[in-house]
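Beneath this line is the structure, given in structure tokens, with notes to follow.
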Amino acid sequence: MHKLLKSFQQELLPSLSLASENEKDYSFSDIYAQTIAYSLFTARIFSYVQDQRQGNPKETLFDRESAWRQLPETNPFLRRLFQDVSERSGDELGDELIGAIAEIFAILRAAKMDVILQDFREKQNREDIVIRFYEDFLAAYKPDMRERRGVYYTPEPVVSYMVRSVDVLLKEKFNKPLGLADPEVMILDPFFGFMQQSLRNLQISDDVMSTQYALPDTRDWKINSRRRSLSSNKEWEKHLTKCLYRPFDVRAYYHHKDVVELPRNEVMKQMLLGENLGLITMRQIINNEYSHFGVTNTICSHGTFYLGNKGQDYLFPLYLYPDQNSLTPNRRSNFSQLFLNDITAKLSYTPTPEAIFYYIYAIFHSPTYRSRYAEFLKIDFPRVPLTRDDTLFRQLATYGEQLVALHLMKSDTLKPHQPPQFIQQGGKNIVDPAHPKYDINTRSVIINKKGDRFTDIPQPVWNFYVGGYPVCAKWLKDRKGRTLSPADIAHYQQIVIALGETIKLMAAIDQAIPGFPIE
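Mapping the sequence shown onto our numbering, position 61 (from 1) lands on 239, and the numbers just tick up by one.
Here it is, written out as structure tokens:
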């Protein structure tokens, strides 16, 4: 112990004393006690997380001899300290220290870690559990010291800024291209909490991040290698974009292989290199009714229409953009020459790619087309019937263009309509569990127990499906527990209008088509 004290004095705090004269000052005894107690708590968390991740039926042994192995390898100081504790005999450590450590182990073994971690995830799922608890730990251990030293939890944006600043300095001033991820960079943090930012950097345990943010290793994506690769990407910001997550639900998205397991860049890059439209459909479905058609002008997510063990979404960009080394400098349509020859032969001219896209989109929104070819649509990609009637082609292309504008939320028809009203009933605009619910008598969509609701929503709109999702219900369910902002409310109102107009256009498309097969 005295050798350790001298080491602390030489390497960290020259004025450090063995014991303090008051409760507000640090001493070697305080540092050692805090390190022992709080690091054992950390080791217990890491041990539990690792067991859960590996699916171990029995918890890993957690005792004085093995606890040091549960501590993160990114903190060799603590690992060596506890390895030393584990290897020393009881006579060397003394009865008092052995008794204190034994009591801590007994408490941590009895603690219900699943309850602790679950409660933490529900309440503060964006914070590091080990760091977040340190403020409470010190408040119970020495409240005067906590007050004097200002040990309070630092908000994540502040920590993030500090970490990025240190990372930049390491890269630019200390010739460390990987910054904080450099293996030569060691975080020396004996207090385990006074240097919160050090645990918010790239050396946070992969196990903790994997569990807290549900990021398990897969065949094609490993958290350790991807984090290190991403940290060295100096152009990381250019990969921020948008993604169609679910029908009428566009989310912020980071398109890069270090974050996304299967980015499908060979297709998705076509939506990033320039203006484009993409047809989304499926090859196989298990539903009785086929409604798996959509459009996007951004990248789309796996599961845009359906998540299950049969079938997946496919994106067909309208235009293909050249690669950097391509001999063709301009974009080209994604229609085969054979298809273009066929449509040219039927119409005696070649329509624009956009007109063809709109025509196809209208055909796929014909209720008769969907019902007539339902069995074929369940087992293979949809087929496009071509017409020889130019008047019909142009009419359907017009309807298709209107549908595309509605589904991209760009239609002018969304503006003049009287939107469904949103009425507050004291629920603070929060979407409660087991909601939304549709009241057929008042034609209202109720979002919480207090009765906050959207009114004047026709039942056909409420029951309208895109793929496997009832759009009006799905959009709100994906915001369970959230407070709807004014922008959210306005967007939902526009979804209702867009679906109502879609229903009208689908009927008009069927009326325009004389019959199937199309001539």
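Cβ atoms here follow ideal geometry from the backbone N, Cα and C, with glycine treated the same way. None of the values given here were measured: they were computed from a predicted structure.
Original post:
What is the residue span of the beta strand (DSSP E) that Ser267 lies within?
Top reply: Here residue 267 refers to the residue found at position 89 when the sequence shown is read from its first residue. No beta strand (DSSP E) holds Ser267; DSSP gives it neither H nor E.
Original post:
Does DSSP classify Met684 as helix, strand or coil?
Top reply: The residue labelled residue 684 in the question sits at position 506 within the sequence shown. Looking at Met684 - three-state DSSP - the assignment turns out to be helix.
Subject >> Per DSSP, the bridge partner or partners of Asp491 >> reply: Walking along the sequence shown from the start, residue 491 turns up at place 313. Asp491 pairs with Met460.
Original post:
Which residues bound the beta strand (DSSP E) around Gly472?
Top reply: Position 294 of the sequence shown, counted from the first residue, corresponds to residue 472. Unbroken beta strand (DSSP E) run through Gly472: Gly472 to Thr474.
Original post:
So does the stretch 681-695 actually touch the stretch 643-657, counting three or more Cβ pairs closer than 8 Å?
Top reply: no
Original post:
For Lys556, which of helix, strand or coil comes out of DSSP?
Top reply: To locate residue 556, count along the sequence shown from 1; it is residue 378. Of the three classes helix, strand and coil, the one that applies to Lys556 here is coil, per DSSP.
Subject >> Residue closest to Asp427, alpha-carbon to alpha-carbon, out of Trp399, Ala197, Gly472 and Glu415 >> reply: Counted from its first residue, the sequence shown places residue 427 at position 249. Out of Trp399, Ala197, Gly472 and Glu415, Gly472 has the C-alpha closest to the C-alpha of Asp427.
**OP:** Rank Tyr499, Ala392 and Lys524 by C-alpha distance to the C-alpha of Gln712 and give the top, closest one.
**Re:** It is not possible to answer for residue 712, since the shown part of the chain is limited to 179 through 697.
**OP:** Answer with buried or exposed for His433, where buried requires no fewer than 16 other C-beta atoms within 10 angstroms of its C-beta.
**Re:** As a first step, residue 433 must be located in the sequence shown, where it is residue number 255. So His433 counts as buried.
Original post:
Counting along the chain, where does the beta strand (DSSP E) carrying Asp427 start and finish?
Top reply: Residue mapping note: residue 427 aligns to position 249 of the sequence shown, counting from 1. Taken as a continuous stretch (DSSP letters only), the beta strand (DSSP E) holding Asp427 covers Asp427 to Tyr432.
Original post:
What number of angstroms, rounded off, separates the C-alpha of Met587 from the C-alpha of Ser544?
Top reply: In the sequence shown, counting from the first residue as 1, residue 587 sits at position 409. In the sequence shown, counting from the first residue as 1, residue 544 sits at position 366. Using only the alpha carbons, I get a separation of about 20 Å.
Subject >> Alpha-carbon spacing of Leu654 relative to His595, whole angstroms >> reply: Counting from 1 along the sequence shown, the entry for residue 654 is found at position 476. Counting from 1 along the sequence shown, the entry for residue 595 is found at position 417. Cα to Cα, the separation comes out at about 22 Å.
**OP:** Would you tell me roughly how many angstroms separate the C-alpha atoms of Gln441 and Lys435, rounded to the nearest one?
**Re:** Start at 1 with the first residue of the sequence shown, and residue 441 comes out as number 263. Start at 1 with the first residue of the sequence shown, and residue 435 comes out as number 257. Before going on, a small fix: residue 441 reads as Pro here, not Gln. Taking the straight line from one Cα to the other gives about 6 Å.
Original post:
From what residue to what residue does the alpha helix (DSSP H) around Arg424 run?
Top reply: Counting from 1 along the sequence shown, the entry for residue 424 is found at position 246. No alpha helix (DSSP H) contains Arg424, which is instead part of the beta strand (DSSP E) from Leu418 to Arg424.
Original post:
Which whole-angstrom value is the C-beta distance of Val609 and Arg657, which I expect to be below 8 Å?
Top reply: Here residue 609 corresponds to residue number 431 of the sequence shown, with the count starting at 1. Here residue 657 corresponds to residue number 479 of the sequence shown, with the count starting at 1. The pair is a contact, with the Cβ atoms about 5 Å apart (cut-off 8 Å).
**OP:** Counting only the same chain and skipping the five closest in sequence on each side, list residues whose C-beta sits under 8 Å from that of Asn519.
**Re:** Here the question's residue 519 lines up with position 341 in the sequence shown. For Asn519, where only same-chain residues beyond five positions count, there are no Cβ hits under 8 Å.
Subject >> Coil, strand or helix - Tyr648 by DSSP >> reply: Start at 1 with the first residue of the sequence shown, and residue 648 comes out as number 470. In the sequence as presented, Tyr is not what sits at residue 648; that position holds Pro. Three-state DSSP puts Pro648 in a strand.
Original post:
Which same chain residues, not among the five before or five after Thr506, have their C-beta less than 6 Å away from its C-beta?
Top reply: Looking up residue 506 in the sequence shown gives position 328. Excluding residues within five positions, the ones whose Cβ falls inside 6 Å are Pro500.
**OP:** Compare the Cα-Cα distances from Pro560 to each of Ala215, Asp567, Ser514 and Tyr551 and report the closest residue.
**Re:** In the sequence shown, residue 560 corresponds to position 382, counting from 1. When each option's Cα is compared against that of Pro560, the closest is Tyr551.
Original post:
Can you list, in chain order, the residues of its chain whose CB lies under 6 Å from that of Asp398, leaving out five sequence neighbours each side?
Top reply: Position 220 of the sequence shown, counted from the start, is the residue given in the question as residue 398. Answer for Asp398: Glu439, listed in chain order.
Original post:
If you pair each beta-carbon of the stretch 621-640 with each one of the stretch 527-547, do three or more pairs fall below 8 Å?
Top reply: no
Subject >> Neighbour-count burial assignment, Lys556, 16 or more Cβ in a 10 Å radius >> reply: Here residue 556 refers to the residue found at position 378 of the sequence shown. By the neighbour-count rule (16 or more Cβ atoms within 10 Å), Lys556 is buried.
Original post:
Hey, quick one: how far does the alpha helix (DSSP H) through Tyr216 stretch, first residue to last?
Top reply: Against the sequence shown, residue 216 aligns to sequence position 38. Element bounds for Tyr216: Phe206 to Gln232.
Subject >> 6 Å CB neighbourhood of Phe494 in its chain, flanking five on each side removed >> reply: What you label residue 494 is simply residue 316 of the sequence shown in a count that begins at 1. So the qualifying residues of the chain are Leu457.
**OP:** With a threshold of 16 other CB atoms inside 10 Å of the CB of Thr680, please say whether the residue is buried or exposed.
**Re:** Locating residue 680 in the sequence shown gives position 502, counting from the first residue. Thr680 is buried by the Cβ-count criterion.
Subject >> Rounded Cβ spacing between Thr476 and Met449 (contact assumed at less than 8 Å) >> reply: Taking the sequence shown and counting its residues from 1, one reaches residue 476 at position 298. Taking the sequence shown and counting its residues from 1, one reaches residue 449 at position 271. Their Cβ separation, rounded to whole angstroms, is 6 Å, which keeps Thr476 and Met449 in contact under 8 Å.
**OP:** Give every residue of the same chain whose Cβ lies closer than 6 Å to the Cβ of Gly452, excluding the five residues on either side of it in the sequence, and list them in chain order.
**Re:** As a first step, residue 452 is located in the sequence shown; it is residue number 274 there, counting from the start. Hits under 6 Å: Tyr499.
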